[in-house]
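In the working numbering, the protein residues as written are 171 to 571.
This is the structure we're talking about:
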């Protein structure tokens with residue numbers, strides 16, 4: 171048995187501030203190797219930074235999650251999929267992927283996001299006001315981490331924030347690893363059903379929000395399909411709040427755990443953007459989104475991967491690769507390394523990455539500027555980390571000030 175074949179993926183973290191221990195062993199001893207999957211099959215894992223970027227940027231690796239040979243990280247997941255299921259942007263390959271991504275890319279330009287900054291600042295200030303007016307200890311997840319990105323993406327899409335509890339309840343079921351496939355499928359259908367009704371309502375008189383503008387734009391060039399826009403709305407709604415929410419919570423813990431790093435951004439907010447990049451690299455909260463299917467024989471890291479074989483590109487391992495990052499296990503907000511793969515790499519790199527960066531920067535500067543005495547209300551080892559979720563984070567974060 172090889173180094174990696176003794177392991178089953180996905181692997182849980184045993185420490186909130188480090189990848190699973192086996193990642194280092196695999197990366198150093200057998201960086202491209204085979205591992206077992208929950209359904210009894212196997213796939214290749216690619217663990218070094220350079221090789222991960224190769225997999226994510228080469229068209230010989232497909233993102234088509236509906237393909238029967240695509241590696242399944244959740245047991246029974248393939249059986250719960252319908253053949254007529256709308257393909258999401260993250261599951262498209264060229265030539266379908268390019269035009270679909272380009273259609274919505276204009277919503278995330280630097281200029282459009284800059285126009286959002288005052289509103290995001292207003293949202294953050296409002297949530298911190300509510301936190302400070304409430305009892306102690308307060309839960310930072312409920313009062314800040316979740317509401318901020320949820321409000322932002324709801325306003326962008328034109329989704330009523332009053333419905334956030336509905337989609338948050340179902341999002342948890344979608345991303346939790348232990349959710350039975352039937353229940354996960356039902357949760358996805360519930361969110362998609364909600365989004366279908368919302369898009370249908372907007373079709374009558376498209377408003378000036380992301381979904382409304384897409385309806386107008388796609389109708390004008392003759393490519394509008396309700397099911398496609400529903401899929402896009404679903405993806406942006408789920409990914410647009412859950413990922414940033416978890417990064418806010420985890421980064422807050424990391425800052426409080428490393429007061430010397432926190433002191434740097436308090437003294438000089440110009441350092442916050444580099445701190446955001448380092449937190450993204452350090453935590454790399456998503457591993458599963460970078461699974462791929464090889465569609466043409468290719469050599470990666472000295473190993474031949476054949477068409478029809480699944481591949482897991484381990485972003486968390488890549489972001490701790492000493493070949494790419496000096497002292498990679500240290501949290502260093504002055505590192506200034508933007509070549510991490512926390513947002514993926516290549517054609518499927520995260521659409522909303524600059525929105526996430528801006529939200530995190532505003533939250534950190536405002537939270538620690540307005541609440542300088544912020545502290546944890548319980549020991550770190552007692553915090554409820556999301557060890558059972560495909561997007562790592564915290565369920566609750568009790569804090570005092």
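C-beta: ideal position from N, C-alpha, C; glycine also.
Do residue 216 and residue 461 have their C-beta atoms closer together than 8 Å? With contacts defined as CB atoms closer than 8 Å, residue 216 and residue 461 fail to qualify as a contacting pair.
Assuming contact is defined by CB atoms lying nearer than 8 Å, are residue 293 and residue 322 in contact in what I supplied? yes
By Cβ distance, which residues of its chain are closer than 8 Å to residue 348, with the 5 residues on each side in sequence left out? 558
Provide the residue span of the beta strand (DSSP E) that contains residue 324, from first to last. Annotation: residue 324 is outside any beta strand (DSSP E); the continuous alpha helix (DSSP H) that includes it extends over 317 to 327.
Closest to residue 556 by C-alpha separation, out of 420, 533, 442 and 511, would be which residue? 420
Secondary structure of residue 556, DSSP reduced to three states: In the structure shown, the three-state DSSP call for residue 556 is coil.
With distances taken Cα to Cα, identify the nearest neighbour of residue 528 among 494, 473, 410 and 222. 410
On the premise that residue 518 lies in contact with residue 260, defined as a C-beta separation below 8 Å, what is that separation, rounded to the nearest angstrom? Residue 260 to residue 518, Cβ: 6 Å. Contact.
When we look at the beta-carbon of residue 552 and count the other beta-carbons within 10 Å, is it buried (16 or more) or exposed? exposed
Let me know the secondary structure DSSP gives residue 231 once reduced to three states. Note: residue 231 maps to strand in three-state DSSP.
Run through DSSP, which three-state label would residue 535 get? When secondary structure is reduced to three states using DSSP, residue 535 falls in the helix class.
Suppose contacts are defined by Cβ-Cβ distances below 8 Å. Is residue 413 in contact with residue 561 by that definition? yes
Looking at residue 471 and residue 221, is the spacing between their C-beta atoms short of 8 Å? yes
Would you give the residue range spanned by the beta strand (DSSP E) that residue 570 belongs to? 568 to 570
Nearest candidate by alpha-carbon position, reference residue 454, set 511, 365 and 297: 511
Flag this pair as yes or no: are the beta carbons of residue 232 and residue 463 separated by less than 8 Å? yes
Does residue 264 come out as helix, strand or coil in the three-state DSSP assignment? coil
Residue 313, enclosing alpha helix (DSSP H) - first and last residue: Segment: none, residue 313 is in no alpha helix (DSSP H) and carries neither H nor E.
Is it buried or exposed for residue 334, if we count other Cβ within 10 angstroms and need 16 for buried? buried
Bounding residues of the beta strand (DSSP E) (the contiguous stretch that carries residue 514): Segment: none, residue 514 is in no beta strand (DSSP E) and carries neither H nor E.
Alpha carbon to alpha carbon, what distance is there between residue 495 and residue 488? 9 Å
Which residue from 317, 318, 491 and 265 puts its Cα closest to that of residue 199? 491
Taking residue 204 as part of the beta strand (DSSP E), name the residues at either end of that continuous run. 202 to 206
Residues of its chain near residue 364, where Cβ-Cβ distance is below 8 Å and the 5 sequence neighbours each way are ignored: 333, 336 and 337
Looking only at C-alpha atoms, which of 468, 302 and 351 sits nearest to residue 209? Nearest option by C-alpha distance: 351.
If you draw a straight line from the alpha carbon of residue 506 to that of residue 452, how long is it in whole angstroms? 12 Å
Is the CB-CB distance between residue 456 and residue 445 below 8 Å? no
Helix, strand or coil for residue 483 per DSSP? Residue 483 falls in the strand class under three-state DSSP.
Can you check DSSP and say which residues form a bridge with residue 309? 568
Between the alpha carbons of residue 396 and residue 298, how many angstroms are there, rounded? 38 Å
Can we count residue 319 as close to the ligand NAD, meaning its CB is less than 7 Å from some heavy atom? This structure lacks the ligand NAD; in fact it carries no ligand of any kind.
Burial state of residue 308, where buried means 16 or more other Cβ atoms lie within 10 Å: buried
Please list, in chain order, all residues of the same chain as residue 508 whose beta carbon is under 7 Å from its beta carbon, the five residues on each side excluded. Cβ within range, chain order: 447.
Looking only at its chain, what residues have a beta carbon closer than 8 Å to the beta carbon of residue 524, apart from the 5 residues adjacent to it on each side? 278, 280 and 283
Is it buried or exposed for residue 327, if we count other Cβ within 10 angstroms and need 16 for buried? buried
Does the beta-carbon of residue 391 have 16 or more other beta-carbons within 10 angstroms, so that it is buried, or is it exposed? exposed
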